[in-house]
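Count along the sequence shown from 1, then add 103; that gives the number in the numbering used here.
In this text, a Cβ means the ideal position worked out from N, Cα and C, and glycines have one as well.
To keep things clear, I will list the structure first and then write my remarks on it.
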Amino acid sequence: MSTADDEGTWLTGNRVYPRIAARLRTRISTGVYPTDTILPSEAELAREFRVARNTVRRGLALLEDEGLIVTVPSKGRVVTGGRDESTSYRYEVIAGDLRDAIQRGELAEVPSELTLRRRYSASRNTVRRALAVLEQEGRIHARQGRGRFLGQK
Numbered sequence: 104m105s106t107a108d109d110e111g112t113w114l115t116g117n118r119v120y121p122r123i124a125a126r127l128r129t130r131i132s133t134g135v136y137p138t139d140t141i142l143p144s145e146a147e148l149a150r151e152f153r154v155a156r157n158t159v160r161r162g163l164a165l166l167e168d169e170g171l172i173v174t175v176p177s178k179g180r181v182v183t184g185g186r187d188e189s190t191s192y193r194y195e196v197i198a199g200d201l202r203d204a205i206q207r208g209e210l211a212e213v214p215s216e217l218t219l220r221r222r223y224s225a226s227r228n229t230v231r232r233a234l235a236v237l238e239q240e241g242r243i244h245a246r247q248g249r250g251r252f253l254g255q256k
């Protein structure tokens with residue numbers, strides 16, 4: 104793949120990253136990078152486009168904001184192709200389920216960590232992280248030695 108843009112000129116000058124994003128967007132839409140594939144690394148793209156990695160990173164951030172790609176730890180950037188579903192961390196899924204149950208009034212009390220671990224087949228740390236999200240949002244609060252409760256302190 105060449106580093107020239109559609110007009111045959113090199114990608115140089117100010118604000119190059121939107122043009123890099125446009126090139127990658129085209130590759131995604133035409134199937135060069137199909138859904139669920141991993142994009143080349145920042146270093147590889149930087150070499151291809153002959154720009155700094157930070158410039159590539161900014162272009163990739165635009166695509167991530169559009170929902171065309173997601174960053175998956177230990178994998179890299181994965182093409183979603185703009186589908187509605189996105190890769191979520193397990194704790195985000197658990198927090199989302201609990202948030203929805205709280206909003207619908209289905210929870211009289213916050214389930215114990217053990218109950219949540221069994222329900223979601225998740226580790227203690229994953230469950231605690233989900234509960235921490237809900238605490239930060241003010242949906243639940245913890246009392247030392249007593250547990251977690253619905254609502255604010």
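**OP:** For Val-196, name the three-state secondary structure that DSSP assigns.
**Re:** helix
**OP:** Verify whether the separation of the beta carbon atoms of Ile-205 and Arg-249 is less than 8 Å.
**Re:** no
Subject >> Per-residue burial, Glu-188 [other beta carbons within 10 Å of its own, 16 or more giving buried] >> reply: Since pLDDT at Glu-188 reaches only 48, below the 50 mark, its modelled position is unreliable, and the value read off the structure follows with that caveat. By the neighbour-count rule (16 or more Cβ atoms within 10 Å), Glu-188 is not buried but exposed.
Original post:
Going by the CB atoms, is the gap between Pro-137 and Val-182 shorter than 8 Å?
Top reply: yes
Original post:
Is any beta-carbon of chain C found at less than 8 Å from that of Gly-170?
Top reply: Going by chain labels, chain C is absent from the structure shown, which holds only one protein chain.
Original post:
Between Leu-237 and Arg-202, is the Cβ-Cβ spacing less than 8 Å?
Top reply: yes
**OP:** Assign Gly-241 to one of three DSSP states: helix, strand, or coil.
**Re:** coil
Subject >> Per-residue burial, Val-175 [other beta carbons within 10 Å of its own, 16 or more giving buried] >> reply: exposed
**OP:** May I ask you to report which of helix, strand or coil DSSP gives Leu-166?
**Re:** helix
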